[in-house]
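For reference, the structure discussed in these notes is given below.
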Amino acid sequence: MPELPEVEAVRLELDPYFTHYRIEDVDVRRPDLRDPFPRRFRARLAGQTVERFLRRAKYLLATLASGDTLAMHLGMSGWFHVSAPGGPARVLDKHDHVIFHMSSGALIAFNDPRRFGMMTLLTPKQLAAHPVLSTLGPEPLSDTFDAAALARACRGRKTPLKVALLDQGVVAGLGNIYAAEALHLAGLSPMRAAGTIVTAAGEPRESAYRLAAAIKDVLTRAIARQTAKSYRSARFQVYDRERERCLRPGCGGRIRRRTQGGRSTFYCPRCQK
DNA sequence: ATTGAGACCTGTCGGC
DNA sequence: TGCCGACAGGTCTCAA
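In our numbering, the protein residues as written are 6 to 278.
Structure representation (structure tokens):
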């Protein structure tokens with residue numbers, strides 16, 4: 006279930022087990038995930054100390070003493086499970102594909118039934134030139150993301166607003182759920198052309214301000230829920246609520262679902278214009 | 001340059 | 001109970 010808030014929750018959970026610890030060894034239990042593991046993956050990881058453990062968009066990045074960066078993506082179904090030193094050992098699952106043996110004694114298992122996840126090792130040069138990582142848009146919760154940045158990225162685009170929000174080059178880390186939630190909170194239709202939140206002169210319209218604020222709001226609250234461990238029961242305002250009533254006070258519309266870019270979009274036709 | 005469709009994989013759920 | 005299709009929170013590639 007990984008969009009930005011979930012990946013951030015994973016980062017927070019794993020950080021104490023990765024940062025400043027040495028990867029003693031790695032079990033790689035199959036030749037590939039979405040892509041094959043790089044050559045000498047295990048050899049290049051074994052013995053390396055993790056200096057920093059970061060998130061960028063939906064990627065987790067472990068910076069190693071060697072200078073290489075271990076880049077990981079959870080795909081649709083990826084997750085990590087930690088067995089703390091001295092605690093109960095995890096019973097190996099058939100979808101535990103990679104197991105990090107840390108110098109603390111912790112075991113960190115990457116589990117991913119659908120195998121849409123990825124894991125690779127990048128030299129500093131490869132990291133800087135990475136076709137995806139180097140073209141990501143701004144982090145939505147940073148100061149570099151605001152109405153002006155959003156307007157710049159949407160200017161002149163006829164693609165539907167929802168589709169633009171899923172473009173990681175526009176803003177990094179939104180996925181299908183939070184894109185729908187942000188549009189609902191901002192009161193904007195997912196079908197309107199992305200360029201309509203920008204004036205001809207390139208200035209953000211009021212809708213761009215609302216949308217940028219809604220994105221920050223939705224993600225911030227989702228992260229707070231994640232870290233409070235109450236997210237299992239998380240319900241959304243529009244996502245997965247087809248035919249139910251809109252929860253915006255005073256609206257009372259019916260949530261609809263339609264397909265955009267091959268994915269389900271949920272929205273309220275009454276209050277999202 | 002954009003955009004849509006299909007591909008990658010397994011699991012789950014609802015209907016019959 | 002079993003079978004079948006639809007669908008799933010992501011991304012990539014290819015054709016138009």
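We put the CB at the ideal spot given by N, CA and C, even for glycine.
Exposure of residue i, with buried meaning 16 or more beta-carbon neighbours within 10 Å
{"i": "L9", "result": "buried"}
{"i": "E13", "result": "buried"}
{"i": "R246", "result": "buried"}
{"i": "V96", "result": "exposed"}
{"i": "R237", "result": "Unreliable positioning characterises R237 in this predicted model, as indicated by a pLDDT of 46, which lies under 50. The coordinate reading is nonetheless provided below. Its Cβ having fewer than 16 others within 10 Å, R237 is exposed."}
{"i": "R44", "result": "exposed"}
{"i": "K167", "result": "buried"}
{"i": "K99", "result": "exposed"}
{"i": "S235", "result": "Bear in mind that a pLDDT of 49 at S235, under 50, signals an unreliable position, so the model cannot answer this."}
{"i": "D148", "result": "exposed"}
{"i": "A229", "result": "exposed"}
{"i": "V55", "result": "buried"}
{"i": "L59", "result": "exposed"}
{"i": "T225", "result": "exposed"}
{"i": "K63", "result": "buried"}
{"i": "D30", "result": "exposed"}
{"i": "A184", "result": "buried"}
{"i": "G142", "result": "buried"}
{"i": "V158", "result": "In the sequence on display, residue 158 carries Ala and not Val. That one is buried."}
{"i": "D117", "result": "buried"}
{"i": "R250", "result": "exposed"}
Bridge partners - residue i, DSSP secondary structure assignment
{"i": "Q334", "result": "Here the chain covers residues 6 to 278 and nothing more, so residue 334 does not appear."}
{"i": "S88", "result": "L112"}
{"i": "P41", "result": "D37"}
{"i": "A76", "result": "L66 and T125"}
{"i": "D30", "result": "H106"}
{"i": "D172", "result": "In the DSSP output, where bridge partners are listed per residue, D172 has none listed."}
{"i": "D101", "result": "N116"}
{"i": "A198", "result": "P165"}
{"i": "V203", "result": "P209"}
{"i": "R259", "result": "R250"}
Residue i - containing beta strand (DSSP E), residue span
{"i": "R162", "result": "First-last for R162: undefined, no H or E at that position."}
{"i": "T225", "result": "Unbroken run through T225 is the alpha helix (DSSP H), E211 to T232; no beta strand (DSSP E)."}
{"i": "A67", "result": "Y64 to L69"}
{"i": "F58", "result": "V55 to R61"}
N- and C-terminal bounds of the alpha helix (DSSP H) containing residue i
{"i": "V5", "result": "There is simply no residue 5 to check, as the chain begins at 6 and stops at 278 in what is shown."}
{"i": "L183", "result": "Note that residue 183 corresponds to Tyr in the displayed sequence, not to Leu. Per DSSP, Y183 belongs to the alpha helix (DSSP H) from N181 to A191."}
{"i": "F46", "result": "F46 to L50"}
Expected contact under 8 Å - CB spacing of residue i and residue j to nearest Å
{"i": "A156", "j": "E208", "result": "7 Å"}
{"i": "G122", "j": "L38", "result": "5 Å"}
{"i": "M124", "j": "M81", "result": "Not confirmed; about 15 Å, so no contact."}
{"i": "Y22", "j": "A111", "result": "5 Å"}
{"i": "V203", "j": "A191", "result": "That belief does not hold up - the Cβ atoms of V203 and A191 are roughly 15 Å apart, past 8 Å."}
{"i": "Q242", "j": "P195", "result": "Actually they are not in contact, since the Cβ atoms of Q242 and P195 sit about 13 Å apart, beyond 8 Å."}
{"i": "G52", "j": "R27", "result": "7 Å"}
{"i": "D151", "j": "A199", "result": "That belief does not hold up - the Cβ atoms of D151 and A199 are roughly 16 Å apart, past 8 Å."}
{"i": "L365", "j": "A67", "result": "Residue 365 lies beyond the range of the chain shown here (6 to 278); nothing can be said about it."}
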